[in-house]
Structures are given as C-alpha cells and as structure tokens.
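J.:
There are 2 protein chains.
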Amino acid sequence: MTCAINYAPRLRAQGLRITPQRNAILHVLHHSGGHLSPTQVFEQARKEFPGLTEPTVYRTLEDLAEKKFLLAAHVGNGKIVYELAEKQHHHLICHKCGKTVEVDHAPLDLLYHQFESSTGYKLDSSHVTFFGLCPDCQS
Amino acid sequence: MTCAINYAPRLRAQGLRITPQRNAILHVLHHSGGHLSPTQVFEQARKEFPGLTEPTVYRTLEDLAEKKFLLAAHVGNGKIVYELAEKQHHHLICHKCGKTVEVDHAPLDLLYHQFESSTGYKLDSSHVTFFGLCPDCQS
DNA sequence: TTCCTTATTGTAACTTCTTACAATAATAGA
DNA sequence: TCTATTATTGTAAGAAGTTACAATAAGGAA
Ligand SMILES: [Mn+2]
Ligand SMILES: [Mn+2]
Ligand SMILES: [Zn+2]
Ligand SMILES: [Zn+2]
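Protein sequences appear in the order of chains A and B.
Heads up, the first sequence is in the numbering used here, so the first residue is 2 and it goes up one at a time.
Heads up, the second sequence is in the numbering used here, so the first residue is 2 and it goes up one at a time.
(1) Check for me: the alpha helix (DSSP H) holding Lys28/A runs from which residue to which?
(2) Contact check, Gln15/A vs Lys68/A under 8 angstroms by CB: the rounded distance?
(3) How about Gln139/B and Lys48/A: are their beta carbons less than 8 angstroms apart?
(4) Using a Cβ-Cβ cut-off of less than 7 angstroms, give me the residues of the stretch 116 to 128 of chain A that come near chain B, in sequence order.
(5) Closer than 6 angstroms by C-beta to Val102/B: which residues in its own chain qualify, once you throw out the five before and the five after it? Chain order, please.
(6) Opposite Gly133/B in the DSSP bridges: which residues?
(7) Using CA atoms only, rank isn't needed, just tell me which of Tyr83/B, Phe50/B, Leu71/B, Arg18/B is closest to Thr40/B.
(8) With a CB to CB cut of under 6 angstroms and the five nearest residues on each side skipped, what residues in its chain are close to Ala5/A?
(9) Taking Ile81/B as the query, report the chain A residues whose CB atoms sit under 8 angstroms from its CB, ordered along the chain.
(10) Could you tell me the boundaries of the alpha helix (DSSP H) in which Thr1/B lies?
(11) What residue from Ser38/A, Val76/A, Cys98/A, Ser127/A has the CA that sits closest to Leu62/A's CA?
(12) Taking the alpha carbon of Gly121/B as the point to measure from, which residue in Leu30/A, Asp137/A, Ser118/A has its own alpha carbon closest?
(13) Is there at least one Cβ from chain A nearer than 8 angstroms to Gly99/B's Cβ?
(14) Let's test the definition: count the other Cβ atoms within 10 Å of the Cβ of Cys95/B and tell me whether it reaches 16, buried, or not, exposed.
(15) Could one say the Cβ of Gly133/A lies closer than 8 angstroms to chain B's Cβ atoms, at least one of them?
(16) Compute the Euclidean distance between the alpha carbons of Arg60/B and Leu134/A, then round it to the nearest angstrom.
(17) For chain A, check one thing: does any of its Cβ atoms lie closer than 8 angstroms to the Cβ of Leu112/B?
(18) Among the residues of its own chain, which have a CB less than 6 angstroms from the CB of His28/B, if the five just before and after it don't count?
(19) Are the CB atoms of Val129/A and Phe116/B nearer to each other than 8 angstroms?
(20) Who are the Cβ neighbours of Leu12/A in its own chain at under 6 angstroms, not counting the five residues just before and after it?
(21) Any idea what DSSP makes of Tyr8/A, helix, strand or coil?
(22) Leaving out five residues on either side along the sequence, give the residues of the same chain with a beta carbon under 7 angstroms from the beta carbon of Gln22/B.
(23) Specify, as a first and last residue, the run of the alpha helix (DSSP H) that Glu84/A falls within.
(24) Leu112/B and Leu109/A look like a contact to me (Cβ under 8 angstroms); what is the Cβ gap, rounded to whole Å?
(25) Show which residues of chain B have a CB atom less than 7 angstroms away from the CB atom of His1/A.
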C-alpha cells in the first residue's frame, strides 16, 4: 500500500503526526518522481484518499517543504511545483518552451558565502530558478 | 498628471500602445518606488482610472515585465511583486520576519557564464530570490 | 479628418488558493 | 486499553488569479 516508503520515523522526529492524508500526498510525490503542481498533487492524492480536501493539500505541501521533506520550486508567474527533496539542486528554465534542466548547487556555494558575509544573512539551502533560452530556442 | 514620466516613446518603440490603463499602472509603480503586489497595483491604479479591471492589471504587469519595463520578483509561496526595472539586482529575504535586502547582480555574473557553458542555455537577466535568516532573526 | 487594422480592454465565468474556526483523530501517558 | 492533549483536518466562505471571446479604441494611412 505504502510501497515501502518509510517517512514515518522522520515525520515523527520532526513532531509531525502520521495521517492518511500525508501518506497519500507523499506517496504521490514519491511515485511521480517529478515536479507536481498543488493541483496535480490534489487530484492524484484524492484517488488514494477520496476525502482529501484542497486546504489540506496546500497546508501539507507547505509544512513538508518547511521541514525539508519536499522542495518547492517556482517556475515563473507565481506558479510553484513540488518534488521530493533529495539532493540540493536548482532549475534552469527556458522561458520559451519551458524545458527545464537541473543544475548542481556546488557552484552557488561561494556566492552564498559572499552574500552571508556582505549582508549578515544566513542563507537557506532553498531552491533557486534561473530563466533563459534553451539551445533549441536560440535560433 | 503623468508627473513627467515619459514611457511613451519606449512603449511605442516596443510596439506597445499607450492607454490610460497602462499609464495608471506605470504611474502607481513609479510613485510607490517599492515592490507592489498585483492586488496593490490594482487598488491604487483604480483610483486613477476607476474603470480598471483585474484581468487588465495582470496582463499589463506581465506584458510590461516581459518588455523589461518592470521586474517581477517572487517572494515565497508563489507570491510575486513588481517594481520598476532600473538596475538589475536580486533579493535576499528573511523567511522569518520577511525583511528584504537587495544585492547586486555582479557577483552572479561568473555563475551565469558557467551555467551557460555547461548547459548551452543563454540566461536572462531575470530576478533571483534567495532566502535565509536576517541578522536580527538568528538568535 | 476619416477609415482601417489590430492591439488592448472588459465581461462573465471559472479555477486556484486562502482564511478562520469548529470537529476530528493521532499520539503520549495513565 | 482508556483518556487527555493538541496537531491536523474539513467546512464554508471568500480572495486572488485565469480564460475565452466579443467590444473598444490607439495609431497608421488615406
Ligand atoms: Mn528539480
Ligand atoms: Mn527590488
Ligand atoms: Zn526552449
Ligand atoms: Zn528576520
């Protein structure tokens, strides 16, 4: 049923309770593998748990992202998508065709340190989106 | 009335027509100086042009941002704010208190070049938001 | 000026997202 | 197992943002 995903201990370690709603949502994101919008999560998770409602989905996605189970990435015009937080990475999106590539965080590390010393802020490992034109769309 | 703002020639140069709706919207952003949400733009611009409607505001903000008159910055959870596009810069936002500092683009330039050569994408001068904890919120 | 073209707008309906609060149910402890 | 605590949820209503399309009006040409 829950396809051997064991988020339970990590959830409990964060003080989060294990509910069928959360299971359904994590399950959907786990299986899709990719980036899902809140609406997509809602529609798919509702199949596994028919009573599920929208406020629960939005709240859960935010909570799980805050606790680092999920990664929230904005994809332009205020749209955001979620994915399972595995390795830290960032997105590079073609503003013409939408094609997205994932880039490693490493090259940003130096920059983060510069910002930290120049501003006094302590930066998160939060996701960043860069926009541009993919190779195919440059002609 | 239009407080000596002369967007007209630049607008026309981009093939955009000059309408009272656009004037009102640009006027509001010009005077506020800061970052405004679409709702704030709508409410304030409506005072100058009472017939103004929401779809027009959203469309106009997107169009003006695409043509580089405005800069669209996301501020977390899919919220975006607009400001006049003057110098290219980025934002560093405290995820606890919301305090925002603007940082220069220069230190990102090298990174952009690295990404361009490693991915083949040609990057935009689009806005990036970084999140963290401001000095006051670190204790 | 007048007419023509077409970018821009408003309308109406809809979808997505948010809020406040009362009801529920997951956990810890007896 | 039962009970108490309180995190989590659903409800109901509303706000924010989107869509498709017909009506309007800005700007160029006659
Ligand atoms: Mn990704
Ligand atoms: Mn700014
Ligand atoms: Zn492309
Ligand atoms: Zn702060």
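In this text, a Cβ means the ideal position worked out from N, Cα and C, and glycines have one as well.
T.: Judging by the given coordinates:
(1) Here the question's residue 28/A lines up with position 27 in the first sequence. Sequence check: residue 28/A is His here, not Lys. Its alpha helix (DSSP H) spans residues 21 to 33.
(2) Translated into positions along the first sequence, residue 15/A becomes position 14. Translated into positions along the first sequence, residue 68/A becomes position 67. The distance from the Cβ of Gln15/A to that of Lys68/A is about 5 angstroms, consistent with a contact at the 8 angstroms cut-off.
(3) Start at 1 with the first residue of the second sequence, and residue 139/B comes out as number 138. Start at 1 with the first residue of the first sequence, and residue 48/A comes out as number 47. The answer is no: Cβ separation not under 8 angstroms.
(4) Along the stretch 116 to 128 of chain A, the positions whose C-beta sits under 7 angstroms from a C-beta of chain B are Phe116, Thr120, Gly121, Tyr122, Lys123, Leu124, Asp125, Ser127, read in chain order.
(5) One-based indexing of the second sequence puts residue 102/B at position 101. Leu93, listed in sequence order.
(6) Here the question's residue 133/B lines up with position 132 in the second sequence. DSSP, once it has assigned bridges, lists Leu124/A, Cys95/B as partnering Gly133/B.
(7) Indexing the second sequence from 1 puts residue 40/B at position 39. Nearest option by C-alpha distance: Tyr83/B.
(8) Sequence index remark: in the first sequence, residue 5/A carries index 4 (1-based). Only weak support exists for where Ala5/A lies, its pLDDT of 49 falling under 50; the value from the coordinates is given anyway. Within the same chain, Ala5/A has no close Cβ partners at all.
(9) Translated into the one-based positions of the second sequence, residue 81/B becomes position 80. Correct list: Asn78, Gly79.
(10) This structure leaves residue 1/B out entirely; chain B is present only between 2 and 140.
(11) For the purposes of this step, residue 62/A is identified with residue 61 of the first sequence, where counting begins at 1. Of Ser38/A, Val76/A, Cys98/A, Ser127/A, the residue nearest in Cα terms is Ser38/A.
(12) For the purposes of this step, residue 121/B is taken as residue 120 along the second sequence, with counting starting at 1. In this structure, Asp137/A is the residue among Leu30/A, Asp137/A, Ser118/A with its C-alpha nearest to the C-alpha of Gly121/B.
(13) Against the second sequence, residue 99/B aligns to sequence position 98. So no, Gly99/B is outside the interface.
(14) Start at 1 with the first residue of the second sequence, and residue 95/B comes out as number 94. Around the beta carbon of Cys95/B, 16 or more other beta carbons lie within 10 angstroms, which makes this residue buried.
(15) Sequence index remark: in the first sequence, residue 133/A carries index 132 (1-based). Yes - at least one Cβ of chain B is within 8 angstroms of the one on Gly133/A.
(16) Numbered from its first residue, the second sequence carries residue 60/B at position 59. Numbered from its first residue, the first sequence carries residue 134/A at position 133. Taking the straight line joining both Cα atoms gives about 22 angstroms.
(17) Taking the second sequence and counting its residues from 1, the one referred to as residue 112/B is at position 111. True, the Cβ-Cβ gap to chain A drops below 8 angstroms.
(18) Counting from one through the second sequence, the residue named residue 28/B turns up at place 27. Cβ neighbours of His28/B beyond the five flanking positions: none.
(19) For the purposes of this step, residue 129/A is taken as the residue at position 128 of the first sequence. For the purposes of this step, residue 116/B is taken as the residue at position 115 of the second sequence. No, the Cβ-Cβ distance between Val129/A and Phe116/B is not below 8 angstroms.
(20) Taking the first sequence and counting its residues from 1, the one referred to as residue 12/A is at position 11. Ile19, listed in sequence order.
(21) Taking the first sequence and counting its residues from 1, the one referred to as residue 8/A is at position 7. In this structure, Tyr8/A counts as coil in the three-state DSSP scheme.
(22) Against the second sequence, residue 22/B aligns to sequence position 21. Excluding positions up to five away in sequence, the list reads Phe50, Leu53, Thr57, Thr61.
(23) Residue 84/A sits at position 83 when you count from the first residue of the first sequence. Run containing Glu84/A: none in the alpha helix (DSSP H); it sits in the beta strand (DSSP E), 81 to 85.
(24) Translated into positions along the second sequence, residue 112/B becomes position 111. Translated into positions along the first sequence, residue 109/A becomes position 108. Rounded, the Cβ-Cβ distance is 7 angstroms, consistent with contact.
(25) With chain A running from 2 to 140 in the structure shown, residue 1/A is simply not present.
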